[in-house]
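Following: one structure in C-alpha cells, then a few remarks.
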C-alpha cells in the first residue's frame with residue numbers, strides 16, 4: 098500500500114449529477130510493482146453483505162473465484178459488464194455458471210467502468226481492468242475508498258446502468 102490518508106472529497110462527477118461527499122479513507126495501489134489483484138481479492142473476501150460490480154475487461158480468475166466464494170458464503174453479488182464479455186468463456190459465463198446474476202450494458206459504445214461497491218461502504222475502482230494483463234503487463238491504478246456517501250453515489254450510478262442493461266443470456270450451454 099503506497100498511500101493511505103483520510104481526505105475530504107468535495108465533488109464526485111457523475112453523468113448529470115454532482116454531489117458532495119463526506120470524508121473517505123483512501124488507499125491506492127499501482128502496477129507494475131504492487132499486487133493490486135491480491136488487494137482486490139482481499140476486499141472481496143472481506144465482503145459481508147453485497148458486492149456490485151461494473152467491468153469492461155473481466156478475465157481475472159483470482160477475482161472471478163473470489164466473487165464466486167463471496168456468493169457461496171451468502172454475499173449478494175451482482176455484475177454489469179460490457180458487451181465484450183458475451184463471448185464463450187468470458188467473465189460473464191464464469192459468473193453466470195456460479196449463479197451470479199450478470200447484465201450486459203449495451204447502451205454506450207463501451208461500458209468502461211471498473212468498479213466494485215462492497216457492503217455499501219467500500220468503492221474499489223480505477224484504470225485496472227479485471228484481467229491478468231492489468232496486474233502483469235500494464236501500468237494501472239486502483240483506489241480503495243471507504244465512504245458510505247461515496248458508495249451511495251456509485252450505487253446510484255450502478256442502478257442507472259442496470260436500468261438500461263439486459264440480462265446476460267449466456268453461452269454456457271454452447
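Numbering (my numbering), first residue to last: 98 to 271. Using N, Cα and C, we set each Cβ at its ideal position, and we do this for glycine too.
Supposed close pair residue i, residue j - CB separation, criterion 8 Å
{"i": "residue 202", "j": "residue 262", "result": "5 Å"}
{"i": "residue 145", "j": "residue 243", "result": "That pair is no contact at about 14 Å."}
{"i": "residue 245", "j": "residue 177", "result": "In fact, because the Cβ distance is near 21 Å, the residues do not count as touching under 8 Å."}
{"i": "residue 235", "j": "residue 128", "result": "6 Å"}
{"i": "residue 156", "j": "residue 228", "result": "5 Å"}
Distance, residue j Cα to residue i Cα
{"i": "residue 102", "j": "residue 120", "result": "Summary for residue 102: the model assigns pLDDT 40, below 50, so the residue's position carries little reliability; its value from the coordinates is reported in the next sentence. Approximately 10 Å between the Cα atoms of the pair."}
{"i": "residue 238", "j": "residue 130", "result": "11 Å"}
{"i": "residue 184", "j": "residue 266", "result": "11 Å"}
{"i": "residue 255", "j": "residue 226", "result": "17 Å"}
{"i": "residue 260", "j": "residue 150", "result": "15 Å"}
{"i": "residue 204", "j": "residue 168", "result": "27 Å"}
{"i": "residue 158", "j": "residue 174", "result": "16 Å"}
{"i": "residue 213", "j": "residue 207", "result": "18 Å"}
{"i": "residue 126", "j": "residue 143", "result": "18 Å"}
{"i": "residue 199", "j": "residue 182", "result": "10 Å"}
{"i": "residue 147", "j": "residue 141", "result": "9 Å"}
{"i": "residue 230", "j": "residue 133", "result": "12 Å"}
{"i": "residue 253", "j": "residue 186", "result": "30 Å"}
{"i": "residue 247", "j": "residue 216", "result": "12 Å"}
Status (buried if at least 16 other CB within 10 Å, exposed otherwise) for residue i
{"i": "residue 194", "result": "exposed"}
{"i": "residue 179", "result": "buried"}
{"i": "residue 232", "result": "buried"}
{"i": "residue 171", "result": "exposed"}
{"i": "residue 264", "result": "exposed"}
{"i": "residue 273", "result": "No answer is possible for residue 273: the residues shown for the chain start at 98 and end at 271."}
{"i": "residue 196", "result": "exposed"}
{"i": "residue 154", "result": "buried"}
Check: residue i C-beta below 7 Å from any heavy atom of the ligand ATP
{"i": "residue 143", "result": "In the structure shown, the ligand ATP is absent, as is every other ligand, since no ligand is present at all."}
Tell me whether the stretch 182-198 and the stretch 216-224 touch, counting them as touching only if at least three CB pairs, one residue from each stretch, are closer than 8 Å.
no
What residue ranges within the stretch 189-253 form continuous beta strand (DSSP E) runs of no fewer than 3 residues, ordered along the chain?
199-202, 212-215, 219-223, 237-243
Between the stretch 160-176 and the stretch 131-142, do three or more beta carbon pairs fall short of 8 Å?
yes
Which runs of the beta strand (DSSP E) at least 3 residues long sit entirely within the stretch 127-153? Give them in chain order.
147-152
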